[in-house]
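A.B. asks: Provided herewith is a single structure, encoded as structure tokens, for subsequent inquiry.
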Amino acid sequence: TNTTRFHIQAKMTMKTNFFGTRNVYLELLPLIKPQGRVVNVSSMASLLGLEACSLELQKKFRSETITEDELVGLMNKFVEDTKDGMHIQKGWVNSRYTVTKIGVTVLSRIHARKLNEQRRGDKILLNACCPGWVRTDMAGPRASKSPEEGAETPVYLALLPPDAEGPHGQFVMEKKVEQW
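Here the sequence shown stands for residues 1 to 180, numbered as in UniProt numbering.
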């Protein structure tokens, strides 16, 4: 089988979903005011896909001490592992999109932890969320949610009151924290 197309798509999907999210956050971080809210759009696919990864990868992605550099290394390793079509044998789920969204969810956990360490007094809350299956160009007309319904969880997280203690560093679906 020709793995070139899968590899190129993996590289582009990673560049957009994971590295794009990371780059925007790193640029905007200095501008985030106290009691600010950061909402990264991930996907329920990250939660489901995590379960399909090898136990070794699951352990790394669930680690409370994984660093951003380690995560970036894992995301780059996935893209490399797709070059020869060995990604499944190396423990990855067989979905470019899913792996990038696992990355976004873990990145959100890491950045929330960093905010606790570096800007604790600012009470910034940062989370990843799934908007659900939304009728967009990507999901198509048969998706179960309207764009307005899909916006509910991200908007809920963005508008958490200034005195809110959480959620923070969580993955949220349907306005509920999901166990990562």
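Ideal placement from N, C-alpha and C gives every residue a C-beta, glycine not left out.
Mind checking Arg96: buried by the 16 CB within 10 Å criterion, or exposed?
C.D. replies: Buried, because 16 or more other Cβ atoms sit within 10 Å of the Cβ of Arg96.
A.B. asks: If you check the beta carbons only, do Gly91 and Cys53 fall under 8 Å apart?
C.D. replies: Yes, these two residues count as a Cβ contact at 8 Å.
A.B. asks: For Ile110, does the count of other Cβ atoms within 10 angstroms reach 16, so buried, or fall short, so exposed?
C.D. replies: So Ile110 counts as buried.
A.B. asks: Does DSSP put Ala128 in a helix, a strand or coil?
C.D. replies: In this structure, Ala128 counts as strand in the three-state DSSP scheme.
A.B. asks: Between Glu165 and Gly103, what straight-line distance do the alpha-carbon atoms span, to the nearest angstrom?
C.D. replies: Taking the straight line from one Cα to the other gives about 24 Å.
A.B. asks: Return helix, strand or coil for Lys145, following the three-state DSSP convention.
C.D. replies: In the structure shown, Lys145 sits in a strand (DSSP, three-state: E or B).
A.B. asks: Going by the CB atoms, is the gap between Arg37 and Leu160 shorter than 8 Å?
C.D. replies: The answer is yes: Cβ separation under 8 Å.
A.B. asks: If you follow the alpha helix (DSSP H) that Leu78 is part of, which residue opens it and which one closes it?
C.D. replies: Inspection of the sequence shows that residue 78 is occupied by Phe rather than by Leu. Run containing Phe78: Glu68 to Lys83, per the alpha helix (DSSP H) assignment.
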